[in-house]
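Worksheet for the structure shown next.
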Amino acid sequence: MFSLFKRYFKLSKSPHVSISIEEQLENLGRVGITLKGNIEIRDILTFKIKYYEERPYIHLLMRMGSEIDSDGEFISDGYPTNDAWCFDRECIEDHGDYVQRLERIAVMLEPELSVTDIKDYVDIQEGKVWIAFKANGTSYRYSLSVQDDWLSLEIFIIFSELLAESGSSKRFFYADTGNEILVVLMEQNQFHQLNKLINIFVPSTQA
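See below:
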C-alpha cells in the first residue's frame, strides 16, 4: 500500500493533473464525501490552495479528515466531515486509547449504526488488547492483534461487517499514506468512482 501511495504522490506532483479545489470538492461530493454544512474549505486549509490543487484529492482528503483546533463554534467536534478520518496510527499505548478512537468511529457511523458503552483493555507488554461495545443494543467484544503502539486495522473490518449485518450498504475503506491512516466511510457501490479519482484505497472487508 505504501508503494501505491508513493506512485500516486509522484504523479500528483505533475502540473497536468492540477485540479481546482472546487472541482475536487464537487467530485468527492458525488461519492458521498462532503463537508459539514457550516464549513468553508478555505477556512480549514493549512497551505496555499496551489498545494492542494497540484496534488489533487489526497491532501484535501487528509485535511478534511483531520481533527482541527477550534473554539467550539467553528467546528463543534473538531472534524470538518464525518465521511473521512485521517490520524496517526501510532496512537495505542494504554487503557482508554481504543475508547477514544472508537468514539470517533461511533460518530462517523451514525445513523447507520448506534455504537455505545465503549470499553477497552490495553496492555502492550502483555500483548493483550480487547474492545467491547454495544451496536444497535447488542453487546460485542473482540480481541485485537498487538503491534507495539499501532492501532489495529481490524477495527474497520469489525465495523464494516457489523454494517453489513445491519443491512447498511456503507463500508470503511482505508489507505496507508506512510505517516498516517486515511479512512473513508462510503457506499460500496461508489467505491469504484472514488478509485477513479484517487486509486489508493482498499476495502476493509469483502462483506
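Numbering (the numbering used here), first residue to last: 21 to 227.
Every residue, glycine too, gets a C-beta built ideally from N, C-alpha and C.
Using the beta-carbon count (16 or more within 10 Å), is Gly85 buried or exposed?
-> It counts as buried.
Count the C-beta pairs between the segment 151–166 and the segment 202–216 that are closer than 8 Å, then say yes if the count reaches three, no if not.
-> With the cut-off at 8 Å, the segment 151–166 and the segment 202–216 do not touch.
Nearest candidate by alpha-carbon position, reference Asn102, set Leu173, Val37, Met206 and Thr158 = If we check each option's Cα against that of Asn102, Met206 comes out closest.
By Cβ distance, which residues of its chain are closer than 7 Å to Ile69, with the 5 residues on each side in sequence left out?
-> If you ignore the 5 residues before and after Ile69, its C-beta comes within less than 7 Å of the C-beta of Ile41, all in its own chain and listed in chain order.
State the DSSP-derived secondary structure class of Ile53, mapped to helix, strand or coil.
-> Coil.
Thinking C-beta only, is Tyr118 closer than 8 Å to Ile151?
-> Result yes, Cβ atoms of Ile151 and Tyr118 sit closer than 8 Å.
What residues are listed by DSSP as bridge partners for Gln167?
-> In the DSSP output, where bridge partners are listed per residue, Gln167 has Trp170.
Using DSSP bridges, identify the partner residues of Ala152.
-> Partner(s): Lys139 and Arg161.
Do you know whose CA, among Ile220, Ile138, Ser224 and Asp140, lies nearest His79's CA?
-> Checking every option, the nearest Cα to that of His79 belongs to Ile220.
Would DSSP call Ala126 helix, strand or coil?
-> In the three-state reduction of the DSSP assignment, Ala126 falls in the helix class, which pools H, G and I.
Figure out for me which residue from Ser224, Gly157, Val127 and Ala104 has the closest Cα to the Cα of Ser172.
-> Looking at the Cα atoms, Ser224 is the closest of the given residues.
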